[in-house]
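Asker: One structure coming up, written as structure tokens, with questions to follow.
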Amino acid sequence: MDLKDLYRDVILDHNKRPRNFGVLAVPPAHEARGANPLCGDTLRVWVQLDGELVTDVKFEGKGCAISVASASLMTEAAIGHTRAEVQAQFERVHNVFTHHDAPLDPALGKLAALAGVRDFPARVKCASLAWHTLNAALAAADADQPAATPPTVQTE
Amino acid sequence: MAGHTGVAVTASTAANAQPFSAAEVAALRADFPILHQQVNGKPLAYLDNGASAQHPRSVIDAEADYYRHDHSNIHRGVHTLSQRATDAFEAARHKLQRFINARSEREVILTRGTTESINLIAQAWGRSFLQPGDEILVSRLEHHANLVPWQIVACQTGAVVRPIPITLDGEVDFQGFLDLLTPRTRVLALSHVSNSLGTINPIEKFIAVARERGILTVIDGAQAVPHMAVDVQALGCDFYAFSGHKLFGPTGTGVLYGREALLEAMPPWMGGGDMILEVRFEGTTFNTLPHKFEAGTPNIAGFIGLGAAVDYVQRIGLARIAATEEALLHYATAQLLAVPGLRIIGTAPHKAAVISFVVDGIHPHDLGTILDQEGVAVRTGHHCAMPVMEFFDVPATARASFAFYNTPAEIDQLVGALQHARELFC
Ligand SMILES: Cc1ncc(COP(=O)(O)O)c(C=O)c1O
Numbered sequence: 001m002d003l004k005d006l007y008r009d010v011i012l013d014h015n016k017r018p019r020n021f022g023v024l025a026v027p028p029a030h031e032a033r034g035a036n037p038l039c040g041d042t043l044r045v046w047v048q049l050d051g052e053l054v055t056d057v058k059f060e061g062k063g064c065a066i067s068v069a070s071a072s073l074m075t076e077a078a079i080g081h082t083r084a085e086v087q088a089q090f091e092r093v094h095n096v097f098t099h100h101d102a103p104l105d106p107a108l109g110k111l112a113a114l115a116g117v118r119d120f121p122a123r124v125k126c127a128s129l130a131w132h133t134l135n136a137a138l139a140a141a142d143a144d145q146p147a148a149t150p151p152t153v154q155t156e
Numbered sequence: 001m002a003g004h005t006g007v008a009v010t011a012s013t014a015a016n017a018q019p020f021s022a023a024e025v026a027a028l029r030a031d032f033p034i035l036h037q038q039v040n041g042k043p044l045a046y047l048d049n050g051a052s053a054q055h056p057r058s059v060i061d062a063e064a065d066y067y068r069h070d071h072s073n074i075h076r077g078v079h080t081l082s083q084r085a086t087d088a089f090e091a092a093r094h095k096l097q098r099f100i101n102a103r104s105e106r107e108v109i110l111t112r113g114t115t116e117s118i119n120l121i122a123q124a125w126g127r128s129f130l131q132p133g134d135e136i137l138v139s140r141l142e143h144h145a146n147l148v149p150w151q152i153v154a155c156q157t158g159a160v161v162r163p164i165p166i167t168l169d170g171e172v173d174f175q176g177f178l179d180l181l182t183p184r185t186r187v188l189a190l191s192h193v194s195n196s197l198g199t200i201n202p203i204e205k206f207i208a209v210a211r212e213r214g215i216l217t218v219i220d221g222a223q224a225v226p227h228m229a230v231d232v233q234a235l236g237c238d239f240y241a242f243s244g245h246k247l248f249g250p251t252g253t254g255v256l257y258g259r260e261a262l263l264e265a266m267p268p269w270m271g272g273g274d275m276i277l278e279v280r281f282e283g284t285t286f287n288t289l290p291h292k293f294e295a296g297t298p299n300i301a302g303f304i305g306l307g308a309a310v311d312y313v314q315r316i317g318l319a320r321i322a323a324t325e326e327a328l329l330h331y332a333t334a335q336l337l338a339v340p341g342l343r344i345i346g347t348a349p350h351k352a353a354v355i356s357f358v359v360d361g362i363h364p365h366d367l368g369t370i371l372d373q374e375g376v377a378v379r380t381g382h383h384c385a386m387p388v389m390e391f392f393d394v395p396a397t398a399r400a401s402f403a404f405y406n407t408p409a410e411i412d413q414l415v416g417a418l419q420h421a422r423e424l425f426c
């Protein structure tokens, strides 16, 4: 195991300069919150929809390099895609995190940089938190969740 | 007995105690099999003793020997093995009583750990004696184990929990405590040594004030007992709780010391076997102390191991342990402060060998992974002390916590690993 597999340049770069860091107004956007109580990470993810199209995603929060970079990469991967495409990407990413030997799907694109966490089981939760939170924000859109009580996702 | 060290032990008092020499530390390390391994291709530097300490061979052997030769249930059989097991278990209690200088074995309740000890007090004492509006003072420095049980019993009784502030260097604020006292103050819950920052609180003066006013004093000694001689009579507290596994003993063992009169006045907490004298459907009479608070089959082997751990630390000497750890603390503090961007959280004048720190631009969780790759085990996170993290406005810290078997070379390994992390990140 090499640390450089985990902390690839893409990860370090997105940690230092997170993309789409900020907030969206609710409504029209939808929000969910994520927390990793073990390490104290907290995350807020906003998603803006136009029908089936994800037009914008933003996030805010405190966390380790893996969780910040994963959230940042995720926003880039989601914006401008349909919900179905985002869902497919979620599943690909999830598969990478949870299957040690799964071959990397070329459709992952830049997200393949996250694959290093597979060798660091204690860190998978850091990487997956943002994705679960985005999922919850999309579910909130379906459920017409009141803005005052965004759903909260917790990793344990 | 296995696990002899090559260290010549002389009686030493705290004042004149010398740190162990490098040769003595090497001999002591030989008693701890787990320390001699590679982690991620590097020699293990175990600097997470505050979370759980490692076991000398004599402790491991005491447990294994018990299972090989003497195991049976205790207090309930006339056969030979049961008698042997009972004797060994009660011998461990006796060692623990002497270790903390309790007046008698009736004052030494054996529990699963600090957490259970404090829950026992909160439930058995608190539910009986707390009234709505009574005030429980809990320091902001406490481990969640000395906070959450009080929140629970406050909900159950209508009592209220009030936080005692801490100072910027991470000590419980004595004046802040005095300012909080009211005629309704009933409980003071205070740690002897903070697990998150290492602060040694001057608990004697808090206890003196509390006693004068009839306030129950509950001291969390989990981080103190492994590192300094503790005399509960000299401290004068009502309750003192600690865990075996931080004292080089097995997990699932702990102690609750309580003043006998208080324990007598408290109803049992858990009911079941061992804690009764006579059971009828019309009514049950409870066993005498300490058994009244020990329902069910305990961790017999664990306490026999803990007895061996007490023997071990007494043989090598708590005063020398303390002197050795203090030297490690000074060395580590100086070395860590030389790392650019590193900030130590918790700078009280009196500290145990615990250093909590953050490094600019690197989240503690990332530090934990990088250090682990270098063979260095530290704890990262909130250390079960979220109010402390909130006070210092950090989400988490990295924490190195030392034992007498750690070496300056391991501290150098930690510092080298931190430099490595900085190269990667900064
Ligand atoms: C100060 C303090 N109190 C309480 C505890 C809880 O101890 P245990 O988990 O052994 O019950 C710990 C251990 O983490 C501690 O350091």
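Quick note, the sequences are listed as chains A and B, same order.
Numbering (this note's numbering) for the first sequence: 1 to 156.
Numbering (this note's numbering) for the second sequence: 1 to 426.
C-beta: ideal position from N, C-alpha, C; glycine also.
1. Report yes or no: do the region 193-207 of chain B and the region 141-159 of chain B share at least 3 C-beta pairs separated by less than 8 Å?
2. Quick one: does residue 395 of chain B have its CB under 8 Å from some CB of chain A?
3. Following a CB-centred definition, is residue 115 of chain B positioned closer than 7 Å to any heavy atom of ligand 1?
4. Step through the CB atoms of chain A and report whether any lies within less than 8 Å of the CB of residue 410 of chain B.
5. Within 7 Å: the Cβ of residue 384 of chain B and any heavy atom of ligand 1?
6. What did DSSP end up calling residue 404 of chain B once you bin it into helix, strand or coil?
7. Counting along the chain, where does the alpha helix (DSSP H) carrying residue 96 of chain B start and finish?
8. Rounded to a whole number of angstroms, what is the C-alpha to C-alpha distance between residue 333 of chain B and residue 292 of chain B?
9. Could you tell me if the beta carbon of residue 220 of chain B falls within a distance shorter than 7 Å of some heavy atom in ligand 1?
10. Under 8 Å between beta-carbons, which chain B residues line up against residue 97 of chain A? List them in chain order, please.
11. List, in chain order, every chain B residue whose beta-carbon is nearer than 7 Å to that of residue 62 of chain A.
12. Going along the chain, which residues of the region 111-142 of chain A sit with their C-beta nearer than 9 Å to a C-beta in chain C?
13. Return yes when the Cβ of residue 74 of chain A is within less than 8 Å of the Cβ of residue 130 of chain A, no when it is not.
14. At the level of alpha carbons, what is the spacing between residue 253 of chain B and residue 243 of chain B?
15. At 8 Å on the CB atoms, spell out the chain B contacts of residue 12 of chain A, in chain order.
16. Would you give the residue range spanned by the beta strand (DSSP E) that residue 15 of chain A belongs to?
17. Find the residues of chain B that neighbour residue 65 of chain A, judging by a C-beta separation of less than 9 Å, and give them in chain order.
18. List, in chain order, every chain A residue whose beta-carbon is nearer than 8 Å to that of residue 389 of chain B.
19. My assumption, with CB atoms under 8 Å, is that residue 216 of chain B sits in contact with residue 238 of chain B. Please give the rounded CB distance.
20. Closer than 7 Å: is that where the CB of residue 55 of chain B sits relative to any heavy atom of ligand 1?
21. Using 8 Å as the limit for Cβ to Cβ distance, is residue 6 of chain A near chain B?
22. With a Cβ-Cβ cutoff of 8 Å, do residue 443 of chain B and residue 40 of chain B count as a contact?
23. Tell me whether residue 176 of chain B sits in a helix, a strand or coil according to DSSP, three-state version.
24. Looking only at its chain, what residues have a beta carbon closer than 6 Å to the beta carbon of residue 233 of chain B, apart from the 5 residues adjacent to it on each side?
25. Are three or more beta carbon pairs between the region 320-336 of chain B and the region 146-159 of chain B nearer than 8 Å?
26. Below 8 Å on the Cβ atoms is my guess for residue 26 of chain B versus residue 377 of chain B; work out the distance and round it to an integer in Å.
27. Hey, is residue 345 of chain B's beta-carbon within less than 8 Å of any beta-carbon in chain A?
28. Can you give me the C-alpha to C-alpha distance between residue 8 of chain B and residue 409 of chain B, rounded to a whole angstrom?
29. Chain B partners of residue 73 of chain A, CB-CB under 9 Å?
30. Please state whether DSSP places residue 166 of chain B in a helix, a strand or coil.
31. Are there 16 or more other CB atoms within 10 angstroms of the CB of residue 5 of chain B, so buried, or fewer, so exposed?
32. At a cut-off of 7 Å, would you count residue 245 of chain B as near ligand 1, judging by its Cβ distance to the nearest heavy atom?
33. From what residue to what residue does the beta strand (DSSP E) around residue 57 of chain A run?
34. Any idea what DSSP makes of residue 125 of chain B, helix, strand or coil?
35. With a threshold of 8 Å between beta-carbons, can residue 3 of chain A be considered close to chain B, or not?
36. Please report how far the alpha carbon of residue 80 of chain A lies from the alpha carbon of residue 134 of chain A, in whole angstroms.
Answerer: Let me spell this out:
1. With a cut-off of 8 Å, the region 141-159 of chain B and the region 193-207 of chain B count as touching, because enough Cβ pairs lie within range.
2. Any Cβ of chain A closer than 8 Å to the Cβ of residue 395 of chain B would place that residue at the interface, and such an atom is present.
3. Within the cutoff, so yes.
4. No, because no Cβ of chain A sits closer than 8 Å to the Cβ of residue 410 of chain B.
5. Residue 384 of chain B Cβ: within cutoff of ligand 1.
6. If DSSP states are grouped into helix, strand and coil, residue 404 of chain B belongs with coil.
7. Its alpha helix (DSSP H) spans residues 80-100.
8. Taking the straight line from one Cα to the other gives about 46 Å.
9. Of the heavy atoms belonging to ligand 1, at least one sits nearer than 7 Å to the Cβ of residue 220 of chain B.
10. None at all; the shortest Cβ gap to chain B is about 16 Å.
11. Near residue 62 of chain A (Cβ distances below 7 Å), the residues of chain B are 395.
12. Among the protein chains in the structure shown, which are A and B, there is no chain C.
13. Less than 8 Å divides the Cβ of residue 130 of chain A from the Cβ of residue 74 of chain A.
14. For residue 253 of chain B and residue 243 of chain B, the distance between alpha carbons rounds to 6 Å.
15. The contacting residues are 424, 425.
16. Run containing residue 15 of chain A: none in the beta strand (DSSP E); it sits in the alpha helix (DSSP H), 9-16.
17. Correct list: 362, 363, 365, 366, 425.
18. Within chain A, the residues near residue 389 of chain B are 40.
19. That belief holds up - the Cβ atoms of residue 216 of chain B and residue 238 of chain B are roughly 5 Å apart, short of 8 Å.
20. It does not: the Cβ of residue 55 of chain B is nowhere closer than 7 Å to a heavy atom of ligand 1.
21. Yes, because at least one Cβ of chain B sits closer than 8 Å to the Cβ of residue 6 of chain A.
22. Outside the modelled stretch of chain B, which goes from 1 to 426, sits residue 443 of chain B, for which no answer is possible.
23. DSSP places residue 176 of chain B in helix when its eight states are reduced to three.
24. Result list for residue 233 of chain B: 101, in chain order.
25. The region 320-336 of chain B, when compared against the region 146-159 of chain B, does not touch it at the 8 Å Cβ threshold.
26. Under the criterion of beta carbons closer than 8 Å, residue 26 of chain B and residue 377 of chain B do not qualify as touching, at roughly 20 Å.
27. Not closer than 8 Å to any Cβ of chain A, the Cβ of residue 345 of chain B fails to qualify, so no.
28. Its pLDDT being 40, under 50, residue 8 of chain B is placed unreliably by the model, and the measurement read from it follows with that caveat. Rounded to whole angstroms, residue 8 of chain B to residue 409 of chain B spans 23 Å at the Cα level.
29. Those do not exist, as residue 73 of chain A stays about 16 Å from chain B at its closest Cβ, beyond 9 Å.
30. Residue state, collapsed to three classes: strand.
31. Because the pLDDT of residue 5 of chain B is 43, which lies under 50, any placement of that residue in the model is unreliable, and the number read from its coordinates should be weighed accordingly. Of the residues assessed, residue 5 of chain B falls on the buried side of the cut-off, its CB having 16 or more other CB atoms within 10 angstroms.
32. Yes, the Cβ of residue 245 of chain B comes within 7 Å of a heavy atom of ligand 1.
33. Residue 57 of chain A -> beta strand (DSSP E) spans 53-62.
34. Three-state result, residue 125 of chain B: helix.
35. Interface criterion met: the Cβ of residue 3 of chain A is under 8 Å from a Cβ in chain B.
36. In this model, residue 80 of chain A and residue 134 of chain A are separated by some 15 Å (Cα to Cα).
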